[in-house]
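These notes concern the structure reproduced below.
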Amino acid sequence: MATMVVDKNFERERMTSSIAMVMTLISFSMLFATLMLGYVAYRFTSVVWPPLGMQRASLEIPTLSTLIILMSSLSYYMSESSFLQNKLKAFKNYYFVTLLLGTSFMVSQMFLWQNLKLTGIFVDSTVFGSIIYAFTWVHAGHMVVGLLALLFLIPSLRGKRNEGKTQIWLKSVGQFWHFLGIVWVIMYFSIFIF
Amino acid sequence: MAFYEQHIHPKPTTFLSKYIFSFDHKVIGKQFLWYGILFLFVGGLMALMIRWTLAFPGQPFPVIGSYLFPETGGAVPPDTYAMLFTMHGTIMIFYAITPILIGAFGNFCIPLMLGARDMAFPLLNMLSFHLAVISGLLLMGSLFTPLGAAAGGWTSYPTLSTLIGSPGVGQTLWSLAIFVLGVSSTMGAVNYITTIITLRAPGMGYFDMPLTVWGLGLTAVLNAIFLPVLGAGVLLLIFDRVFGTTFFLAGAAATTGTGDPVLFQHVFWIFGHPEVYILILPAWGIVSDLLSFFSRKPAFGAKATALAMTSITILSTLVYGHHMFTTQMSPLLTQTFMTLTMTISIPSAIFFTNWLGTLWKGSIRFHSPMLFSLGVVFVFGLGGLTGLYLGTVTTDLYLHDTYFVVGHFHYTMAASVLLGGFAATYFWMPKMFGTLMNEFWAKIHFWITMLGLNGVFFGMMLVGYGGMHRRIYNPFIYEFTQKLIPINTFTTWSAIVMGFAQIIFVVNFVHAVFFKKQKAGDNPWEVGTLEWTIPSPAPHYNFKEIPVVKCGPHELGNPNVSGKDFQYQTEELA
Numbered sequence: 001m002a003t004m005v006v007d008k009n010f011e012r013e014r015m016t017s018s019i020a021m022v023m024t025l026i027s028f029s030m031l032f033a034t035l036m037l038g039y040v041a042y043r044f045t046s047v048v049w050p051p052l053g054m055q056r057a058s059l060e061i062p063t064l065s066t067l068i069i070l071m072s073s074l075s076y077y078m079s080e081s082s083f084l085q086n087k088l089k090a091f092k093n094y095y096f097v098t099l100l101l102g103t104s105f106m107v108s109q110m111f112l113w114q115n116l117k118l119t120g121i122f123v124d125s126t127v128f129g130s131i132i133y134a135f136t137w138v139h140a141g142h143m144v145v146g147l148l149a150l151l152f153l154i155p156s157l158r159g160k161r162n163e164g165k166t167q168i169w170l171k172s173v174g175q176f177w178h179f180l181g182i183v184w185v186i187m188y189f190s191i192f193i194f
Numbered sequence: 195m196a197f198y199e200q201h202i203h204p205k206p207t208t209f210l211s212k213y214i215f216s217f218d219h220k221v222i223g224k225q226f227l228w229y230g231i232l233f234l235f236v237g238g239l240m241a242l243m244i245r246w247t248l249a250f251p252g253q254p255f256p257v258i259g260s261y262l263f264p265e266t267g268g269a270v271p272p273d274t275y276a277m278l279f280t281m282h283g284t285i286m287i288f289y290a291i292t293p294i295l296i297g298a299f300g301n302f303c304i305p306l307m308l309g310a311r312d313m314a315f316p317l318l319n320m321l322s323f324h325l326a327v328i329s330g331l332l333l334m335g336s337l338f339t340p341l342g343a344a345a346g347g348w349t350s351y352p353t354l355s356t357l358i359g360s361p362g363v364g365q366t367l368w369s370l371a372i373f374v375l376g377v378s379s380t381m382g383a384v385n386y387i388t389t390i391i392t393l394r395a396p397g398m399g400y401f402d403m404p405l406t407v408w409g410l411g412l413t414a415v416l417n418a419i420f421l422p423v424l425g426a427g428v429l430l431l432i433f434d435r436v437f438g439t440t441f442f443l444a445g446a447a448a449t450t451g452t453g454d455p456v457l458f459q460h461v462f463w464i465f466g467h468p469e470v471y472i473l474i475l476p477a478w479g480i481v482s483d484l485l486s487f488f489s490r491k492p493a494f495g496a497k498a499t500a501l502a503m504t505s506i507t508i509l510s511t512l513v514y515g516h517h518m519f520t521t522q523m524s525p526l527l528t529q530t531f532m533t534l535t536m537t538i539s540i541p542s543a544i545f546f547t548n549w550l551g552t553l554w555k556g557s558i559r560f561h562s563p564m565l566f567s568l569g570v571v572f573v574f575g576l577g578g579l580t581g582l583y584l585g586t587v588t589t590d591l592y593l594h595d596t597y598f599v600v601g602h603f604h605y606t607m608a609a610s611v612l613l614g615g616f617a618a619t620y621f622w623m624p625k626m627f628g629t630l631m632n633e634f635w636a637k638i639h640f641w642i643t644m645l646g647l648n649g650v651f652f653g654m655m656l657v658g659y660g661g662m663h664r665r666i667y668n669p670f671i672y673e674f675t676q677k678l679i680p681i682n683t684f685t686t687w688s689a690i691v692m693g694f695a696q697i698i699f700v701v702n703f704v705h706a707v708f709f710k711k712q713k714a715g716d717n718p719w720e721v722g723t724l725e726w727t728i729p730s731p732a733p734h735y736n737f738k739e740i741p742v743v744k745c746g747p748h749e750l751g752n753p754n755v756s757g758k759d760f761q762y763q764t765e766e767l768a
């Protein structure tokens, strides 16, 4: 009987948080979709891109960032599935790898901004520069939120205590984390490559 | 769908946990109500200053004018005038209507009408209110900055709203305040949607929900989807102003590069058109319910009303272009937007006819909530019909940016929502505070408000049709507008009458909340939705036993029921 109650509790919490997370992600998607709408409008109304003889940003650092964020998504996935398979050591290890990769993504963004300045792309130098800086800022801001959410998982690293709740937290934070990865990949292809 | 029973939380005891950091949806609803009424007062005062300036240009505003504008001897200066209409619009839309209809009645009604003990995420709910307070402080703080508050209109189009048009810090604070409020509303919306999906009482299908919950739920969907769009827009505006990006600067305004000021208009109205439905949908829902409750009849075509509101919600996302007919849009686009806009009149006509069908052959009780609901039917009809002229390209080219637009959106957004909000306040007063407001003064309040309101907003449409433009400090410098001075004076006097009528409401409200000894019964209006099955005012746990729903919300006037003419939703359909 006791296990029944726990299961029912888990089921409702899982349901509630997954509905809420879907709505939250729809909201965040609309924010980034609006930015993309702006990008598309600027990109296709401009005769030459980048405008006014600007240099394109070099691709090395953005590519590195993309690899890092994809790897962090992968390690998060590994971490979550290790937890579900009850491999707690692997869960912990992959968690810290994710945290490390998330932080190094932020560091790579710092280098990106440094490098942009060196190549003469500034915030106020045409809408081209504005887009690169503003979009990466907004994304980086959300990455900070994502990293904070990762830190919120630290108490659950200690193990099996309150397993159902940990599972729900892992899933919700994971959805947000993968979402940020997807947004970055879209930005990488549209702003830096295309 | 999934239902679960929430725990009964221990009763909060300290002042802080009871009134400030309360998780209780009813307390948060009341907080939002007071917050909204406070801002309603501020926004209303600004409206009176605007009206005063239009009727008596250059004359000092009575009583407080000489304290507010000592440098001009009490008359509203031109730059302050722009600030006033900007802040009036912003405050009324984001800080008065949104908190009262969505914040207060959304929070208060949704769990009670669904048979839940609280929202799905009580902590999120509390944070949503606290963010709204921070946002309100940011906005009010901007009034005290060196160059004053934002003055670019509530739409704050660039380039007027960039550093070139508004160099002061006020516009930045405005954008920041809107952004924070957007976050707060989105948090609320996620909470509402989750609550409606997961916490309906056992046996309650979506069509057994009262239409109030339908309206509030659809509003929440629009909020969750479209507030982030405005969020992105004002974020880029903040970047333009603070970090020197050039998104909305073009031509000579931008030293280098090619921004696009019209892009902001697109982004603003992609959000802005759903926003007007965000504001009106809760009022529609409330009115649909109240008309049925006070006609003592089932709501005519309640399902059709719910579906009509849903299709309006969907259509509202596709029509934003009708705000921008004059921005050199391609004729193909303007005509597409016009056609889509006209399509909205079909579902609107459906639920409007349903309202009339509900009234038909009802045994109507003219209590104050009913009077206000009938008022909504009248003013919304008028507002909706005048919208047709603005949705049509040919007439809009003439009427664009005139007072006709101002009159139209005040009829639809301000008048309907205000009357709907009053109806809701009078109706749910017993469940919120345990007392009824004085009926006699409520009816006086209704009639003076109704007369004043129609005087103001119809006057606005008349002068707008006569060609008077909005947002002009002194429109009477033009010869053709000088004939409009008498109507403007009449409009202003109507506004003053309407403003003073609200004192009746405030006294009545404060008296009923704090001083009235006579308690209202558990179900003074004799209606059967779930919130009336529990004591008044609602206890902190709402429902001791989670109710089981067996029939719809509008089972009134059923001849098979003996002894009363309504039945509770927990009773088997007779």
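So the sequence lines, in the order shown, correspond to chains A and B.
Using the numbering used here, the letters of the first sequence correspond one by one to residues 1 to 194.
Using the numbering used here, the letters of the second sequence correspond one by one to residues 195 to 768.
Even glycine gets a Cβ: it sits at the ideal position worked out from N, Cα and C.
Predicted, not measured: the structure shown is a model, and the values here were computed from it.
#1: Please list, in chain order, the chain A residues whose beta carbon lies closer than 7 Å to that of Thr589 of chain B.
#2: For Asp312 of chain B, go through chain A and note every residue whose CB falls closer than 7 Å to its CB, in chain order.
#3: Under 8 Å between the Cβ atoms of Val407 of chain B and Ile390 of chain B?
#4: Any C-beta of chain B within less than 8 Å: which residues of the segment 42-53 of chain A qualify?
#5: Could you check which residue in A:Ala20, A:Trp137 and A:Leu52 has the C-alpha nearest to that of Val107 of chain A?
#6: Nearest to Gly362 of chain B by alpha carbon, out of B:Ala345, B:Met532, B:Phe420 and B:Val374?
#7: Roughly how many whole angstroms lie between the Cα atoms of Ala395 of chain B and Pro718 of chain B?
#8: I think His517 of chain B touches Met532 of chain B, with their Cβ atoms under 8 Å apart; what is that distance to the nearest whole Å?
#9: Decide if Met644 of chain B is buried, meaning its Cβ has at least 16 other Cβ atoms within 10 Å, or exposed.
#10: Kindly list the residues whose CB is nearer than 6 Å to the CB of Gly164 of chain A, restricted to its own chain and excluding five residues on each side of it in sequence; keep chain order.
#11: With burial defined as no fewer than 16 other Cβ atoms inside 10 Å of the residue's Cβ, what is the status of Ala2 of chain A: buried or exposed?
#12: Could you please tell me which residues of the segment 373-393 of chain B, in chain order, have their CB closer than 7 Å to any CB of chain A?
#13: If you measure from the beta carbon of Tyr198 of chain B to each beta carbon in chain A, is any gap under 8 Å?
#14: Rounded to whole angstroms, what is the Cα-Cα separation between His460 of chain B and Gln55 of chain A?
#15: Cα-Cα, which of B:Ile558, B:Tyr597 and B:Ile538 is closest to Leu579 of chain B?
#16: Leaving out five residues on either side along the sequence, give the residues of the same chain with a beta carbon under 6 Å from the beta carbon of Trp246 of chain B.
#17: If contact means a Cβ-Cβ distance below 9 Å, which residues of the segment 126-154 of chain A contact chain B?
#18: Kindly list, in the order they appear in chain A, the residues whose Cβ is closer than 8 Å to that of Ile419 of chain B.
#19: Given a limit of 8 Å on CB to CB distance, which residues of the segment 683-711 of chain B reach chain A?
#20: State the CB to CB distance for the pair Pro422 of chain B and Thr45 of chain A, rounded to an integer number of angstroms; the pair is presumed to be in contact (CB under 8 Å).
#21: Take Val425 of chain B and list the residues in its own chain whose beta-carbon comes closer than 6 Å to its own, dropping the five residues that flank it on each side.
#22: Run down chain B in chain order and give the residues with a C-beta less than 7 Å from the C-beta of Ile121 of chain A.
#23: DSSP beta-bridge partners for Ala343 of chain B?
#24: According to DSSP, simplified to helix, strand and coil, what is His201 of chain B?
#25: If you compare alpha carbons, which of A:Ala41, A:Phe111, A:Val22 and A:Ile61 is closest to His178 of chain A?
#26: Of the choices B:Leu512, B:Met564 and B:Gly409, whose alpha-carbon is the least far from that of Thr499 of chain B?
#27: How would you write the range of the alpha helix (DSSP H) that Gly615 of chain B sits in, first residue to last?
#28: Applying the 10 Å Cβ sphere with the 16-neighbour rule, what's the burial state of Ile472 of chain B?
#29: Interface residues of chain A around Ala769 of chain B at Cβ under 9 Å?
#30: Alpha carbon to alpha carbon, what distance is there between Leu484 of chain B and Phe546 of chain B?
#31: Mind checking if Ile193 of chain A is an interface residue toward chain B, Cβ cutoff 8 Å exclusive?
#32: Assuming Val721 of chain B and Phe560 of chain B make a contact with CB atoms under 8 Å, what is their CB distance in whole Å?
#33: From what residue to what residue does the alpha helix (DSSP H) around Ala498 of chain B run?
#34: Which runs of the alpha helix (DSSP H) fall wholly inside the segment 94-174 of chain A and span at least 4 residues, in chain order?
To lay it out plainly:
#1: Going along chain A, no residue has its Cβ under 7 Å from Thr589 of chain B, so there is no contact; the nearest lies around 29 Å.
#2: By Cβ distance, chain A contributes nothing, its closest Cβ being about 12 Å from Asp312 of chain B, past 7 Å.
#3: In this structure, Ile390 of chain B lies closer than 8 Å to Val407 of chain B by Cβ.
#4: Residues passing the 8 Å Cβ filter: Tyr42, Thr45, Ser46, Pro51 and Leu52.
#5: In terms of Cα proximity to Val107 of chain A, the closest of A:Ala20, A:Trp137 and A:Leu52 is A:Trp137.
#6: Distances from the CA of Gly362 of chain B to each of B:Ala345, B:Met532, B:Phe420 and B:Val374 were compared; the closest alpha carbon is that of B:Ala345.
#7: CA-to-CA, the gap between Ala395 of chain B and Pro718 of chain B works out to about 23 Å.
#8: In fact, because the Cβ distance is near 12 Å, the residues do not count as touching under 8 Å.
#9: Counting of Cβ neighbours within 10 angstroms places Met644 of chain B among the buried residues, the total reaching 16 or more.
#10: Setting aside the 5 residues that flank it on each side, Gly164 of chain A is surrounded in the same chain by Phe10, each with a C-beta closer than 6 Å to its C-beta; the list follows chain order.
#11: With a pLDDT of only 41 at Ala2 of chain A, under the threshold of 50, the placement of this residue in the model should not be trusted, and no figure is reported.
#12: When C-beta distances to chain A are compared with 7 Å, the residues of the segment 373-393 of chain B below that value are Thr380, Val384, Ile387, Thr388, Ile391 and Thr392, in chain order.
#13: By this cut-off, Tyr198 of chain B is an interface position.
#14: CA-to-CA, the gap between His460 of chain B and Gln55 of chain A works out to about 29 Å.
#15: For the residues B:Ile558, B:Tyr597 and B:Ile538, the minimum Cα distance to Leu579 of chain B belongs to B:Ile538.
#16: Hits under 6 Å: Phe255.
#17: Of all residues in the segment 126-154 of chain A, only Thr126, Val127, Phe128, Gly129, Ser130, Ile131, Tyr133, Ala134, Trp137 and Val138 come within less than 9 Å of chain B when Cβ atoms are compared, listed by chain position.
#18: Within chain A, the C-beta atoms nearer than 8 Å to that of Ile419 of chain B come from Ile26, Ser27 and Met30, in chain order.
#19: Residues passing the 8 Å Cβ filter: none.
#20: The C-beta distance from Pro422 of chain B to Thr45 of chain A rounds to 24 Å, too long to meet the 8 Å contact threshold.
#21: Correcting the residue type first, residue 425 of chain B is Gly in the shown sequence and not Val. Excluding positions up to five away in sequence, the list reads Phe373 and Gly376.
#22: Correct list: empty, because the minimum Cβ distance to chain B is about 11 Å.
#23: Its beta-bridge partners are B:Gly364.
#24: His201 of chain B falls in the coil class under three-state DSSP.
#25: Taking only the C-alpha atoms, the option nearest His178 of chain A is A:Val22.
#26: Comparing Cα positions, the closest option is B:Gly409.
#27: Run containing Gly615 of chain B: Ser610 to Phe627, per the alpha helix (DSSP H) assignment.
#28: Classification for Ile472 of chain B: buried.
#29: This structure cannot speak to residue 769 of chain B, because chain B is shown only from 195 to 768.
#30: If you take the alpha carbons of Phe546 of chain B and Leu484 of chain B, they lie about 14 Å apart.
#31: For Ile193 of chain A, no CB of chain B lies under 8 Å from its own CB, so it is not counted at the interface with that chain.
#32: About 16 Å; that fails the 8 Å criterion.
#33: It spans Ala496 to Leu509 - the alpha helix (DSSP H) in which Ala498 of chain B sits, taken as one unbroken run.
#34: Complete alpha helix (DSSP H) runs here, min 4: 126-151.
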